[in-house]
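Taking it in order: structure first as structure tokens, then the write-up.
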Amino acid sequence: MKLGRLILLGTICVLVAIACAEVVTKKAVSPTTSEKEKIAALYVEELKPLTPAQCGQCHMPIYTLIRKQGGKHQISCTECHQQYHVYNPIRQNWSEIMPKCQRCHGLIHGEALAKCGICHIEPHSPKNIPMSEPLENNCLTCHQKVGDEMNKFPSKHKDQGCSTCHEKHGYIPSCMDCHEPHTASLTKNEQCLACHPVHSPTRRLKYAKETPNEICASCHDEIATTLDANKSKHHNVACVACHNKHKYVPKCEECHKEPHSKQLLKKFKNCLQCHIDPHNLPAKTAE
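This note's numbering applies: residue 143 is where the sequence shown begins, and numbers increase by one.
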């Protein structure tokens, strides 16, 4: 048994020695002339820049995004990515190889907004700017007039962050998302903005001549009911004819120049001494 193992081990050693000898003595084989020509031909053709479609074969999500939402960034990939497939995980050289926005755009928004990526998070969809806290802190860099207006006319809107209404850049919400409309006929922002400036809604409001009485009645329902039941000349007068600004109380003389004799006006200085309620005429006489 022991002898058999020794014979087997010896045989293996001989075979290994023969194989090593063949490797050492074997001469290097040079390629033939035809093989050299084939190899050289591989590098004769001038390389052309990659097309977006070729890039998209591997980068399909980015290709699809820029095709749908790229806007003015719908240019050849290589115009921005002049170096590609050169990322080194050891060196972590992203900052070197990623294109610089300023190369084409300069500091388009000035030194205060030099870091484009704070707003334009996705360069392949440059106008899709989701609102975030870092971005919100920079809103006033461009929208200073809005900030000044909100500070001058403080309201509940001032207590909200920009992103409360503007979920992404350029997005204008419906007023009805937060506010119950005064009447069912108010369905569009334009109707609300006719009275309420959006960033200063408590500013003294001035109403358009065509503002219907039902808008006023939504808050002043008792007065509207009284006026509607009264059949005097005031019945057919629109609310805005007298109250063209919110909370504005006109002087009777603005419409009624000299309705009574001077002697009567000397005795009664205030029209409401007799005409107690202008929404409920005719006059009540004083005893």
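For each residue, glycine too, the CB sits at the ideal point set by N, CA and C.
- Note that the C-beta distance between S297 and T325 is not below 8 Å.
- For the pair C222 and P194, the CB atoms are not nearer than the 8 Å cut-off.
- Its chain contains N270, I271, P272 and M273 as the residues whose beta carbon lies nearer than 8 Å to that of K310, once the 5 sequence neighbours on both sides are disregarded; these appear in chain order.
- Inter-residue distance for K399 and N422 is about 20 Å (C-alpha atoms, whole angstroms).
- Three or more pairs of CB atoms, one per stretch, sit closer than 8 Å, so the segment 344 to 360 contacts the segment 369 to 386.
- Between C317 and C334 the beta-carbon gap is near 4 Å, inside 8 Å, which marks them as a contact.
- When the five nearest sequence neighbours on each side are left out, the beta carbons in the same chain lying within less than 6 Å of the beta carbon of E291 are those of H341 and S342, in order along the chain.
- Look at the segment 228 to 274 and you find these whole runs of alpha helix (DSSP H), each 4 residues long or longer: 236 to 239 and 244 to 247.
- Comparing alpha-carbon positions, the option among Q286, T206 and P401 lying closest to H266 turns out to be T206.
- Rounded to whole angstroms, the separation of the alpha carbons of P268 and C243 is 11 Å.
- Secondary structure at K411: coil, using DSSP grouped into helix, strand and coil.
- For V379, no alpha helix (DSSP H) encloses it, and the DSSP letter there is neither H nor E.
- I208 sits buried, since 16 or more C-beta atoms from the chains shown fall within 10 Å of its C-beta.
- L369 is classed as buried because its beta carbon has at least 16 other beta carbons within 10 Å across all chains shown.
- Pairing H388 with L347 gives a Cβ-Cβ distance under 8 Å.
- Secondary structure at K330: coil, using DSSP grouped into helix, strand and coil.
- A direct Cα-to-Cα measurement between P241 and L189 gives close to 22 Å.
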